[in-house]
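Mind the numbering: the sequence shown is residues 149 to 442 in this note's numbering, read in order. Quick reminder that beta carbons are idealized off the backbone N, C-alpha and C, glycines included. This report concerns only the one structure given below.
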Amino acid sequence: MTLPVTRAVDLRRESLDGVLDRVERSLQVRLDRETVVCKRRTVGARTDRDSWVRVERRGFDRIGAQGWNGPESAAVLSGVVMPSWYAGFSWREPGEPVMWRADEMELVNAAPVGQAAPVIEDPRLPDAWWSALNASLDALATQSAPRVATPDTETITQELVTRTLGEVFPEVTDTMVEEWRPAHADLTWANVTGPEFCMIDWEDWGMAPRGLDAATLWGCSLALPALAERVWSERRPDLESRSGLLMALFFCAKVAGPHAHPEDPRLEPARKEAARLIAELGEVGQRPHGSRPH
Numbered sequence: 149m150t151l152p153v154t155r156a157v158d159l160r161r162e163s164l165d166g167v168l169d170r171v172e173r174s175l176q177v178r179l180d181r182e183t184v185v186c187k188r189r190t191v192g193a194r195t196d197r198d199s200w201v202r203v204e205r206r207g208f209d210r211i212g213a214q215g216w217n218g219p220e221s222a223a224v225l226s227g228v229v230m231p232s233w234y235a236g237f238s239w240r241e242p243g244e245p246v247m248w249r250a251d252e253m254e255l256v257n258a259a260p261v262g263q264a265a266p267v268i269e270d271p272r273l274p275d276a277w278w279s280a281l282n283a284s285l286d287a288l289a290t291q292s293a294p295r296v297a298t299p300d301t302e303t304i305t306q307e308l309v310t311r312t313l314g315e316v317f318p319e320v321t322d323t324m325v326e327e328w329r330p331a332h333a334d335l336t337w338a339n340v341t342g343p344e345f346c347m348i349d350w351e352d353w354g355m356a357p358r359g360l361d362a363a364t365l366w367g368c369s370l371a372l373p374a375l376a377e378r379v380w381s382e383r384r385p386d387l388e389s390r391s392g393l394l395m396a397l398f399f400c401a402k403v404a405g406p407h408a409h410p411e412d413p414r415l416e417p418a419r420k421e422a423a424r425l426i427a428e429l430g431e432v433g434q435r436p437h438g439s440r441p442h
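Following this line, the structure appears as structure tokens:
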């Protein structure tokens with residue numbers, strides 16, 4: 149069945165008073181309108197009970213059979229530094245193939261490390277931050293996920309990985325992902341806080357190729373070689389697994405692919421790293437599947 153096309157909407161350019169009023173009535177909170185943060189498809193605000201409410205608009209074509217209750221389902225995870233989830237609800241936009249979802253969660257006072265996904269200035273994070281990142285990602289990887297990750301709101305599948313890599317790097321002929329593990333699936337610098345570490349925005353989490361989170365944070369650091377190197381060093385076991393190398397190349401394909409922006413400071417580093425990754429995948433390909441480089 150073909151899903152109806154969703155009308156493109158940028159919430160930064162829309163009147164959201166009605167949406168916020170509905171959220172207040174349903175969650176029985178008062179939103180502090182002075183703290184409202186609007187993004188393209190989400191809006192968030194502080195409440196009168198010192199919690200945070202995040203609201204997202206998503207089209208039917210971006211909601212699979214598993215639904216999109218990521219923050220709610222992530223509440224059962226243990227050993228991961230993340231905001232506690234309190235309540236949530238969803239509703240359909242009248243006359244549109246669109247759903248809205250609101251989640252109330254613990255207020256995180258630390259600010260995101262970056263205002264956007266990539267960073268162009270060194271955040272100078274303390275060693276304790278990196279230790280907390282490693283502990284959370286290691287804990288996440290040991291748990292079960294009842295859902296498949298949806299990075300960029302698109303369900304990640306073997307077919308998606310193969311198609312994305314094939315369009316940009318056709319010389320990579322073996323794109324089979326060997327290891328799948330639970331992942332945050334949107335681990336950008338805008339979704340981690342600092343200097344106190346916390347992982348926020350769990351709407352897209354689920355099973356994903358091993359190394360997806362590490363590759364995403366690494367890729368968002370490419371404009372700062374020292375920072376990218378630090379991410380790679382901290383998450384080396386993931387990133388130097390065969391699946392991790394594929395995920396790093398998967399990220400490079402998004403930056404350097406058909407929709408590459410010539411002014412993206414990650415563009416040239418991504419092209420350079422892609423050449424290295426392709427060479428390393430070739431070396432790994434000489435070993436039996438499942439073996440790991442030293």
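- Under DSSP, D165 takes part in no beta bridge, so it has no partner.
- When the Cα atoms are used, E220 and P266 turn out to be separated by approximately 27 Å.
- For M395, the enclosing alpha helix (DSSP H) begins and ends at R390 to A404.
- In this structure, the CA atom of D165 is about 50 Å from the CA atom of I426.
- By the criterion of a C-beta distance shorter than 7 Å, W216 is surrounded in its chain by R206, R249 and E351, once the five residues flanking it on both sides are discounted.
- If you keep only unbroken beta strand (DSSP E) runs of at least 3 residues inside the segment 350-381, you get 354-357.
- Shown here, W337 sits in a helix according to DSSP, grouped into three states.
- In this structure the segment 350-367 touches the segment 320-337; the number of beta carbon pairs closer than 8 Å is three or more.
- In the structure shown, D251 adopts extended strand secondary structure according to DSSP, grouped into three states.
- Around the beta-carbon of N339, 16 or more other beta-carbon atoms lie within 10 Å, marking it buried.
- Under the three-state reduction of DSSP, A235 is assigned to strand.
- Between S199 and the set E302, E254 and T310, the nearest pair of CA atoms involves E254.
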